[in-house]
Amino acid sequence: MAECGGKSQTRIPSAFFSASRKGNINFKICANCGANQVERGRGGRVSSQSESSEKANKEEEIRVCVSKACSKTGSPQTLQLLTGLAPPHVKVKSCNCLGRCGSGPNLVVLPAEIFVSHCTTAAHAAHLLAAQCGASDPANNLIALSLKEQGNKEFECRNAFRAEQLYSQAIELKPSGGQHFLYANRSAVRLAIGDNAGSLSDAKEASRITSNWHVPYTRQGDAYFALGEYAAAELAFSRALAIEPSLRRSKAFK
0 MAECGGKSQT
10 RIPSAFFSAS
20 RKGNINFKIC
30 ANCGANQVER
40 GRGGRVSSQS
50 ESSEKANKEE
60 EIRVCVSKAC
70 SKTGSPQTLQ
80 LLTGLAPPHV
90 KVKSCNCLGR
100 CGSGPNLVVL
110 PAEIFVSHCT
120 TAAHAAHLLA
130 AQCGASDPAN
140 NLIALSLKEQ
150 GNKEFECRNA
160 FRAEQLYSQA
170 IELKPSGGQH
180 FLYANRSAVR
190 LAIGDNAGSL
200 SDAKEASRIT
210 SNWHVPYTRQ
220 GDAYFALGEY
230 AAAELAFSRA
240 LAIEPSLRRS
250 KAFK
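For the sequence shown, numbering that gives the first Met the number 0 begins at 0 and goes up steadily by one.
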């Protein structure tokens, strides 16, 4: 199930490289408990819990290198994980080479200009988002992400009712990131099983969480159309087009 659409590669300005070296993060495993941790180098420090909560309302961006070297170390998977775990105020994009080849997957957190290396697992991604972007309770977020992925597989196998159960379980966990994906996915499932009103409700909730993503509006359009509310469906599709004009060229949208 497509969730985030195409991700255009973004070139990092050359002036960024010197600034990024002021604060570098590497991941390590705690010797006592085996948990994944983030470690800030070169005199920097990881944000405290109070600082992380303050960041929850600030627009932030994470750019993940998908150049050849980083791709070999799993950066496409890191990009997907961060997209699924990120709170709505954090935009996740792919980008060209950030330097430091051989220590990937590499990424940067903006506007803080924090360079991150070796972000290889879901736990790494969740703890990074908690430390730097205000995504609280990374363990809970990982459980919700796992349930969502299970739901995606069930829906792909045409087990719509089981998929709805899994998405609902994930939503009940109230993860700090990725809720808009969960509601949008459950909206599609509910439409497939004939729960048109439930589908519309979920689509509206997804658009409330993040208003600049086109998918919730296409879900609303589908639900309104199924309910026979054609004027409302047209308006919803128009909103989706305003956010993502390339939809006009897609066969599914036509």
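In this text, a Cβ means the ideal position worked out from N, Cα and C, and glycines have one as well.
Write down the C-beta distance between residue i and residue j rounded to the nearest angstrom, noting that I regard them as a contact closer than 8 Å.
i, j, result
"L81", "I61", "6 Å"
"V91", "L78", "7 Å"
For a quick check, are the C-beta atoms of residue i and residue j less than 8 Å apart?
i, j, result
"G176", "L234", "no"
"S74", "V63", "yes"
"C132", "P174", "no"
"E163", "I192", "yes"
"N95", "S116", "no"
"N195", "I242", "no"
"L141", "A159", "no"
"E204", "Y182", "yes"
"A138", "L172", "no"
How would you write the range of the beta strand (DSSP E) that residue i sits in, first residue to last?
i, result
"L109", "106 to 109"
"R161", "R161 -> not in any beta strand (DSSP E); alpha helix (DSSP H) instead, spanning 159 to 171."
"C64", "59 to 64"
"I113", "113 to 115"
When the Cα of residue i is compared with those of the options, which residue comes out closest?
i, options, result
"A134", "R238, K67, L190, Q178", "Q178"
"A111", "Q168, E58, G227", "E58"
"R218", "N211, G227, A230, S200", "S200"
"A202", "V65, A222, K250, A241", "A222"
"G103", "G197, S93, T72", "T72"
"L226", "I208, L190, A124", "L190"
"L109", "D136, R99, L128", "L128"
"S198", "R207, T209, N184, I208", "N184"
"A187", "R207, I208, G220", "G220"
"R207", "A232, A231, F180", "F180"
Among the residues of its own chain, which have a CB less than 7 Å from the CB of residue i, if the five just before and after it don't count?
i, result
"L146", "L165, Q168, A169"
What are the boundary residues of the alpha helix (DSSP H) that includes residue i?
i, result
"C96", "First-last for C96: undefined, no H or E at that position."
"S87", "Per the sequence presented here, residue 87 reads as Pro, with Ser not at that position. Premise fails: P87 is in no alpha helix (DSSP H) and is neither H nor E."
"I242", "229 to 242"
"R247", "Taken as a continuous stretch (DSSP letters only), R247 belongs to no alpha helix (DSSP H), as it is neither H nor E."
"P137", "137 to 155"
"A129", "121 to 132"
"G197", "195 to 208"
"N184", "178 to 191"
"T72", "Run containing T72: none; DSSP gives neither H nor E here."
Considering only residues of the same chain and omitting the five flanking positions on each side of residue i, which have a CB-CB separation below 8 Å?
i, result
"L246", "H213, T217, A239, L240, F252"
"T119", "F26, T72, G73, T77, P104"
"G101", "A68"
"Y229", "Y223"
"R157", "none"
"F236", "Y216, T217, G220, F252"
Say yes only if the C-beta of residue i is nearer than 7 Å to one or more non-hydrogen atoms of the ligand SAM, and no if none qualify.
i, result
"P215", "Ligands are entirely absent from the displayed structure, and the ligand SAM is therefore not among its contents."
Spatial neighbours of residue i within its chain, please: CB distance less than 6 Å, with the 5 preceding and 5 following residues excluded, ordered by chain position.
i, result
"R161", "E153"
"P215", "A183, A202, A205, S206"
"A232", "G220, Y223, F224"
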